[in-house]
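Q: Submitted below is the structure of interest, expressed as structure tokens.
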Amino acid sequence: MRWPRRLVPSPIPRLDGQVSIWSVTARDARTFFRIVIPLWLVALTYIGYKARESWSVDDAAAEPVWRNASDYALGVLTELGGVGIGVAIFSVLMTRVLNTTGGLFMTLYEAMANRFVIPVIERHEARGYAKGRKETEAKWRAWNDRRLAAAREGREFDEPPPAS
Numbered sequence: 083m084r085w086p087r088r089l090v091p092s093p094i095p096r097l098d099g100q101v102s103i104w105s106v107t108a109r110d111a112r113t114f115f116r117i118v119i120p121l122w123l124v125a126l127t128y129i130g131y132k133a134r135e136s137w138s139v140d141d142a143a144a145e146p147v148w149r150n151a152s153d154y155a156l157g158v159l160t161e162l163g164g165v166g167i168g169v170a171i172f173s174v175l176m177t178r179v180l181n182t183t184g185g186l187f188m189t190l191y192e193a194m195a196n197r198f199v200i201p202v203i204e205r206h207e208a209r210g211y212a213k214g215r216k217e218t219e220a221k222w223r224a225w226n227d228r229r230l231a232a233a234r235e236g237r238e239f240d241e242p243p244p245a246s
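Going by our numbering, the sequence shown opens with residue 83, and the numbers climb by one from there.
Next up, the structure:
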């Protein structure tokens, strides 16, 4: 009875498959939503602020634009429709740009680390700095173990730490 499942698309997107109606790949979906959600919130806030300025419930006003809260909400949603489409399109375009730029920066970072940082670490290890650090850490661990054992046994511990 597997053939009916083949008629329905998989709920799990493929690696490079499009995700839902947003026209972004599964790899880019997280970046897309990190861009689009704040932009939509900013757009909604701005439209709400501008609509509030023109909202007038006073019948004596020269041109009352909004008569009640439902007119206000409808006006905000009408304005958000066009702005929302623009925000979504902008977000789709910026998603690929930001992910590509991030990939380039990571490649540059790895190249710089391989060129400058790793040779320094290898030189320090060759000179024995890593060995000295391990010895120092071993001294501190032994001192701390003695301190904790004294605390468990309830006796006073007055041995100075290894650094002093």
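Don't be surprised by glycine CBs; every beta carbon is placed ideally from N, CA and C.
Just so you know, these numbers come straight off a predicted model, no measurement behind them.
Name the residue from Tyr-131, Ala-231, Leu-121 and Phe-239 whose alpha carbon lies nearest to the alpha carbon of Gly-166.
A: Here residue 166 refers to the residue found at position 84 of the sequence shown. Taking only the C-alpha atoms, the option nearest Gly-166 is Leu-121.
Q: For the alpha helix (DSSP H) that Glu-204 lies in, which residues bound it at each end?
A: Stepping through the sequence shown from its first residue, residue 204 is reached at position 122. That run of the alpha helix (DSSP H) goes 200–209.
Q: Shortest alpha-carbon distance to Val-124 belongs to which of Leu-230, Ala-232, Ala-193 and Gly-168?
A: Sequence index remark: in the sequence shown, residue 124 carries index 42 (1-based). Nearest of Leu-230, Ala-232, Ala-193 and Gly-168 to Val-124, Cα basis: Gly-168.
Q: Got a sec, what are the start and stop residues for the alpha helix (DSSP H) Glu-192 sits in?
A: As a working note, residue 192 is residue 110 in the sequence shown. Its alpha helix (DSSP H) spans residues 151–194.
Q: Where DSSP assigns a beta bridge to Thr-218, which residues make up the other side?
A: Taking the sequence shown and counting its residues from 1, one reaches residue 218 at position 136. Per DSSP, none; premise fails for Thr-218.
Q: So is Glu-238 buried or exposed if we call it buried at 16+ other beta carbons inside 10 Å?
A: Position 156 of the sequence shown, counted from the start, is the residue given in the question as residue 238. An exposed status is given to Glu-238, since fewer than 16 other beta-carbon atoms sit within 10 Å of its beta-carbon.
Q: Given this structure, state the Cα-to-Cα distance separating Tyr-154 from Leu-162, to the nearest angstrom.
A: The residue labelled residue 154 in the question sits at position 72 within the sequence shown. The residue labelled residue 162 in the question sits at position 80 within the sequence shown. Near 12 Å, if we compare the C-alpha coordinates of Leu-162 and Tyr-154.
Q: Determine the direct distance from the alpha carbon of Asp-110 to that of Arg-209, and round the result to whole angstroms.
A: Counting from one through the sequence shown, the residue named residue 209 turns up at place 127. Counting from one through the sequence shown, the residue named residue 110 turns up at place 28. Going from the Cα of Arg-209 to the Cα of Asp-110 covers about 45 Å.
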